[in-house]
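Written out below as structure tokens is the structure these notes cover.
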Amino acid sequence: MRGRFITFEGPEGGGKSTHAAILAASLRSRGMEVVETREPGGTPLAERLRALVRENGGDAPSPAAETLIFLAARAQNVARAVRPALERGAWVVCDRFSDSTLAYQGFGRGFDIAALARMDAFATGGLAPDLTILLDVPPEVSAARIASRQSRGGEAADRMELAGAEFHRAVREGFLKLAAMPENAGRFAVVDSSRPQAEVEAEIAAAAARLF
Ligand code: TMP
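In this text, residue positions in the sequence shown follow our numbering: the first is 58, and each later residue adds one.
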């Protein structure tokens, strides 16, 4: 039997990585094989593309080049990691996927959503998640999270993080619009991630339980 494909989406600062890890651990404790992956990234080549997309300075990727790098990384992750895992019956938990391209490059950067969706379908070969957890946070929370990450000097800030408040507001609204589209009905669980962590965790677990 084919496994299940769960993606985590949302603006920066919603706790995607933390909650993806918590859900993966809880699925493992029920005896499932779980593969955790992230985008851009998830395979050695795709992780190299992640480094490229974060290039800053004079030869930083243009908005179009950046879009194509995200899609190339997705194509590689799907072909080498996600599909093989699903085919052997594993559950796959992925930190960001196609909705990030539509929200950031579409609603954020202004590229045509329908064109992006077609290019994305080429990259994924038509693979779509069974469940997408949208961890929604207000723009002030994202901004504070980005600022604290930068002051700690973690992974180099990417251009997305450096983009202004207006961009991040458009991205957040974009995610909510995607969740409300009729063609996505049933796939999305929108979770208000500004609530206490235990409540957020319980809501995510309940959404995932619908796939058992
Ligand atoms: P993250 O590690 O916080 O998820 O960082 C990935 C960054 O890349 C984040 O700013 C969102 C952005 N991104 C896009 O703009 N488009 C995409 O398709 C993906 C997967 C990520």
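For each residue, glycine too, the CB sits at the ideal point set by N, CA and C.
Checklist entry - Does the Cβ of Arg95 lie closer than 8 angstroms to at least one heavy atom of the ligand TMP? => result As a working mapping, residue 95 is identified with position 38 in the sequence shown. Answer for Arg95: yes, Cβ within range of the ligand TMP.
Item to check | Coil, strand or helix - Ala259 by DSSP | outcome: Here residue 259 refers to the residue found at position 202 when the sequence shown is read from its first residue. Residue state, collapsed to three classes: helix.
Checklist entry - Does DSSP put Glu93 in a helix, in a strand, or in coil? => result The residue given as residue 93 occupies position 36 in the sequence shown. Looking at Glu93 - three-state DSSP - the assignment turns out to be strand.
Item to check | Asp156, DSSP secondary structure in three states | outcome: Taking the first residue of the sequence shown as 1, we reach residue 156 at position 99. Residue state, collapsed to three classes: helix.
Item to check | Cβ separation of Asp169 and Glu66, assumed to be a contact under 8 angstroms, to the nearest whole Å | outcome: Mapped onto the sequence shown, residue 169 falls at position 112. Mapped onto the sequence shown, residue 66 falls at position 9. Not really, about 20 angstroms apart at Cβ, beyond 8 angstroms.
Item to check | Through-space distance from Ala142 to Val149, alpha-carbon basis | outcome: Taking the sequence shown and counting its residues from 1, one reaches residue 149 at position 92. Taking the sequence shown and counting its residues from 1, one reaches residue 142 at position 85. The straight-line gap from Cα to Cα measures roughly 7 angstroms.
Checklist entry - Start and end of the beta strand (DSSP E) containing Asp193? => result What you label residue 193 is simply residue 136 of the sequence shown in a count that begins at 1. First-last of the beta strand (DSSP E) with Asp193: Leu188 to Asp193.
Item to check | Rounded separation between Glu260 and Val248 - CA only | outcome: As a first step, residue 260 is located in the sequence shown; it is residue number 203 there, counting from the start. As a first step, residue 248 is located in the sequence shown; it is residue number 191 there, counting from the start. Approximately 7 angstroms, taken between the alpha carbons.
Checklist entry - If you measure from the CB of Val135, is any heavy atom of the ligand TMP nearer than 8 angstroms? => result The residue given as residue 135 occupies position 78 in the sequence shown. For the ligand TMP, not one heavy atom lies less than 8 angstroms from the Cβ of Val135.
Next on the checklist: Please tell me whether, using a cut-off of 8 angstroms, the distance from the CB of Arg131 to the nearest non-hydrogen atom of the ligand TMP is below it.
Outcome noted: Within the sequence shown, residue 131 is the residue found at index 74, counting from 1. At least one heavy atom of the ligand TMP is nearer than 8 angstroms to the Cβ of Arg131, so yes.
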